Amino acid sequence: MFRYIIKRIIFSLLTIWLLVTLTFLLMHLMPGDPFISTKAVDPAVREMMFKKYGLDKPLIVQYFIYMGKMLRGDLGVSLHYKGAQVVDRVFDAFPYSFELGLRSLIIGIALGLILGIVAAKRNGKISDGLIMGVAVIGISVPSFIMAALLNYGVGLKFGNFLKDIFGLSRNPIPISGWNSEASKWLPAIALSFGTLASIARLMRASTMDVLNADYIKTAKAKGLSEGQITRHHMMRNAILPIITILGPAAASILTGAFVVESVFAIAGMGKFFVLSIQVLDYPMIIGTTVIYGVLLIVMNTLVDIVYGIVDPRIRLERKGISG
């Protein structure tokens, strides 16, 4: 297991290097530059700005300079936010994105597990069909469309309806910002829908397999209650496959946050990333990509290691492979 963990760490570091390299090259090979993207700039001023930010150097030189700085924790200076360090801007926005992602993940996992178990136990009934129907919608509808629908339908229309019905002075459902507890639920729900749907479908299938297992029949024969069987026998086995999709679920939430944060006007990393692309802020784009990439790679590596620890079969397979 130790050798496997070391291999995973080495592979993760190589993946991060490849991610940084590809992002750096793609950004610098894109047409246009950050100093002529919005308005005409005097050629002399443009040349001066290129020298100031080192963009006049050969691409290979820029690459090694950037990699050297990055290894020291310096992601450069933003071209759009004059004089602002990329690291400072990213970590100012990170708490908003982290809280949004954490809320979404908790909602998606908790409701997905519950709905999956309910659907499995009521297999073939109306409630099973309704839950699976919602799951299909959740998987099919992208998070940015779900965000727009919730923002307009629930936040604006239903909120104004409540305002008129109860004679309130303002809409009780915030549709933008991250300033109150109430303003945090709509974006979190919009972002969690895909994860919730995937987990519900997988949990239903896994639970149905477990319910037909011999040890569940034995537990029932011993007279254990449904609650005892669910807590002590079914959950621990049915939940194992769910661990494998936590990495992709986190990835889906992080990438979905790009547009969801923009829809709900949340000053998180996703919103800054979208703005940086619009103005071709190279350091901010690369820096944000690095942070996101590291988070995703670390998450997937941890999930893989945890799954190997939790499931003894995986450990035995890896021992056999390693010799």
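First residue of the sequence shown: -7, per my numbering; consecutive thereafter. Cβ atoms here follow ideal geometry from the backbone N, Cα and C, with glycine treated the same way. Just so you know, these numbers come straight off a predicted model, no measurement behind them.
Please state the DSSP three-state secondary structure of residue i.
i: Val69; result: strand
i: Thr247; result: helix
i: Thr280; result: helix
i: Leu308; result: Here the model assigns Leu308 a pLDDT of 48, short of 50, so the residue's position is not dependable, and the following value carries that caveat. Helix, per DSSP.
i: Val128; result: helix
i: Ala259; result: coil
i: Ile231; result: coil
i: Arg114; result: coil
i: Lys(-1); result: helix
i: Gly104; result: helix
i: Ser217; result: coil
Check this for me: beta carbons of residue i and residue j, under 7 Å apart or not?
i: Gly75; j: Ile191; result: no
i: Val78; j: Leu67; result: yes
i: Gly186; j: Ser135; result: yes
i: Ala102; j: Met200; result: no
i: Leu178; j: Leu216; result: no
i: Ile278; j: Thr15; result: yes
i: Asp34; j: Phe42; result: no
i: Val282; j: Gly239; result: no
i: Leu11; j: Gly285; result: yes
i: Phe250; j: Val266; result: yes
Looking only at its own chain, which residues have a Cβ that is under 6 Å from the Cβ of residue i, when we skip the five neighbours before and after it?
i: Ser184; result: Ser96, Ile99, Gly100
i: Tyr274; result: Met19
i: Arg114; result: Asp120
i: Ala230; result: Ser198, Thr199, Val202
i: Thr293; result: Arg0, Ser4
Assuming the contact rule is C-beta atoms closer than 8 Å, residue i and residue j should be a hit. Round their C-beta distance to whole Å, please.
i: Ser254; j: Gly248; result: Going by Cβ atoms, the distance from Ser254 to Gly248 rounds to 11 Å, so no, they are not a contact pair.
i: Gly108; j: Met195; result: 3 Å
i: Arg0; j: Ile297; result: 7 Å
i: Thr236; j: Tyr299; result: 6 Å
i: Arg64; j: Met276; result: 18 Å between Cβ atoms; not a contact.
i: Ala242; j: Leu288; result: 7 Å
By Cβ distance below 7 Å, which residues in the same chain neighbour residue i in space, the five residues on each side in sequence not counted?
i: Leu51; result: His20
i: Pro164; result: Gly151, Leu154, Lys155
i: Leu308; result: For Leu308, the pLDDT reaches just 48, beneath the cut-off of 50, and the residue's location in the model is therefore unreliable, although a value from the coordinates is still provided. Result list for Leu308: empty, nothing under 7 Å.
i: Tyr73; result: Arg81
Give every residue of the same chain whose Cβ lies closer than 8 Å to the Cβ of residue i, excluding the five residues on either side of it in the sequence, and list them in chain order.
i: Gly312; result: Its pLDDT being 49, under 50, Gly312 is placed unreliably by the model, and the measurement read from it follows with that caveat. Excluding sequence neighbours, Gly312 sits near nothing in its chain.
i: Val128; result: Ala189
- Output the residue ranges of the alpha helix (DSSP H) runs that lie fully inside the region 144 to 207 and measure 4 residues or longer, sorted by chain position. 151 to 158, 177 to 203
- Segments assigned beta strand (DSSP E), at least 3 residues, entirely inside the region 56 to 101: none
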